[in-house]
Amino acid sequence: MGTGHGHGHVVDAHLASSRSGMRALWGSFAVLILTSLVQGLVVLSSGSVALLSDTLHNLADAFSALPLVVAFTLGRRVATRRFTYGFGRAEDLAGLAVLALIAVSAVLAVTESVQRLVQPQAVTQLPVVAAAAVLGFVGNEAVARWRIRVGRRIGSAALVADGMHARVDGFTSLAVLVAAGGSALGWGWVDPLVGLGVAVLIVLVLVGAGREVLARLMDAADPTVVDLAERLAGEVPGVLAVEDVRLRWSGHGQLAELTVVVDRELSLVDAHCVAHEVEHHLLHGVHRLVRAHVHPHPGVRADEELVAHQRVN
47 MGTGHGHGHV VDAHLASSRS GMRALWGSFA VLILTSLVQG LVVLSSGSVA
97 LLSDTLHNLA DAFSALPLVV AFTLGRRVAT RRFTYGFGRA EDLAGLAVLA
147 LIAVSAVLAV TESVQRLVQP QAVTQLPVVA AAAVLGFVGN EAVARWRIRV
197 GRRIGSAALV ADGMHARVDG FTSLAVLVAA GGSALGWGWV DPLVGLGVAV
247 LIVLVLVGAG REVLARLMDA ADPTVVDLAE RLAGEVPGVL AVEDVRLRWS
297 GHGQLAELTV VVDRELSLVD AHCVAHEVEH HLLHGVHRLV RAHVHPHPGV
347 RADEELVAHQ RVN
């Protein structure tokens, strides 16, 4: 026997989170597309390969929003007889797509930097290139803060990873600014060297984002949240002990399963009421919890436990 009832406010909060995530995705997509278009015009007039690289990175980051849009759209669908837990896992798959785009950015940065070392190229209209680089940084940093803030608020590891990707591209833009300054001083080696530094930064971000996304795929839970859920369940009147607490993420919501020990003399209805109260307590006390399955287990009386202990000995 267990309880796993849904609550209207939890469903509403889940939908609100999806809408908030979609706004962040489409808004940041528009900002990056506009930034890329302006930078592209400067590339055509200046011939800056470094700025071309930054523009391509910004375009890749803009289009990385698309798999997340698909995932958020799928996440709104109700569970079916085939997908009984719903479609929240689509967001984790989208997170893998974002990781792949970050990895491609790292490869491109290394490739372009090595080519620049082998074949140095002069850059014209350096002030305009520098201005475009600053624009790229401002656009990416604004997008990064938006995505990371919303992603953390709604519990979306994929959206946070995408925000980290935008932040990396922002530093890529600053690298173009440094490269332009080096070109102005006649130091052609600055551009490829900075590009290699950006590649290292991208790899570091890839590792950090990868840990978060892959942890979600492996059903990792925060031990402090598990302890909180166990404590909250134990505070409910009628609960003698709490066992087998399990938490996992599905999309940007958490699912919980646990067993509570109750008085064996309780009726079936009363035991169910205790389990239902535990569920209610958890839904209000655990961040981003959207569903809890609570199994009431009859406790063993002290005299029976003593007899069993004597038989063993």
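Be aware that the sequence shown starts at 47, since it is given in this note's numbering, and climbs by one per residue. Just so it is clear, CB atoms sit at the ideal spot from N, CA and C, and this is done for glycine as well. Quantities reported herein were computed from a predicted structural model and do not represent experimental measurements.
For residue i, the residue or residues it bridges with in DSSP
i, result
"Pro-344", "Val-308"
"Gly-299", "Ser-296"
Three-way DSSP call (helix, strand, coil) for residue i in this model
i, result
"His-103", "helix"
"Ala-125", "coil"
"Val-336", "strand"
"Val-285", "coil"
"Val-57", "At Val-57, the pLDDT of 45 sits below 50, so the modelled position is not reliable; the number obtained from the coordinates is stated separately. Residue state, collapsed to three classes: helix."
Near the ligand ADP: residue i beta-carbon under 7 Å from a heavy atom
i, result
"Ala-245", "In the structure shown, the ligand ADP is absent, as is every other ligand, since no ligand is present at all."
Selection from the options that minimises the alpha carbon distance to residue i
i, options, result
"Ala-190", "Val-336, Val-214, Glu-311", "Val-214"
"Glu-77", "Asn-104, Ser-64, Val-95, Ala-96", "It should be pointed out that residue 77 corresponds to Val in this sequence rather than to Glu. Nearest of Asn-104, Ser-64, Val-95, Ala-96 to Val-77, Cα basis: Asn-104."
"Ala-221", "Phe-133, Gly-243, Leu-231", "Gly-243"
"Thr-8", "Ala-266, Ala-245, Cys-319, Leu-87", "Given that the chain is displayed from residue 47 to residue 359, the structure contains no residue 8 and the question cannot be resolved."
"Gln-85", "Asp-273, Asn-186, Ser-229", "Asn-186"
"Gly-241", "Leu-274, Ala-155, Pro-344", "Ala-155"
"Phe-129", "Leu-247, Ser-296, Val-308", "Ser-296"
CB contact check: residue i to chain B, cutoff 8 Å
i, result
"Asp-208", "The chain inventory of the structure shown lacks chain B, comprising one protein chain alone."
| task | Taking only runs that begin and end inside the segment 243 to 282, name each unbroken alpha helix (DSSP H) of 4 or more residues, in chain order. | result | 269 to 280
| Does the segment 131 to 138 come close enough to the segment 112 to 120 that 3 or more CB-CB pairs lie under 8 Å? | yes
| message | Under 8 Å, with one C-beta from each stretch per pair, do the segment 223 to 235 and the segment 159 to 178 reach the 3-pair mark? | response | yes
| field | Sufficient close CB pairs (3 or more, under 8 Å) joining the segment 255 to 269 to the segment 195 to 211 | value | yes
| said: Which runs of the alpha helix (DSSP H) at least 4 residues long sit entirely within the segment 146 to 226? Give them in chain order. | reply: 172 to 200
| task | May I ask you to verify whether the segment 325 to 341 touches the segment 277 to 284, counting CB pairs closer than 8 Å and requiring at least 3? | result | yes
| Between the segment 69 to 76 and the segment 119 to 133, do three or more beta carbon pairs fall short of 8 Å? | no
| Cβ contact (3+ pairs, closer than 8 Å) linking the segment 173 to 193 and the segment 83 to 99 | yes
| task | Please specify which runs of the alpha helix (DSSP H), each continuous and at least 4 residues long, are wholly inside the segment 60 to 89, giving them in chain order. | result | none
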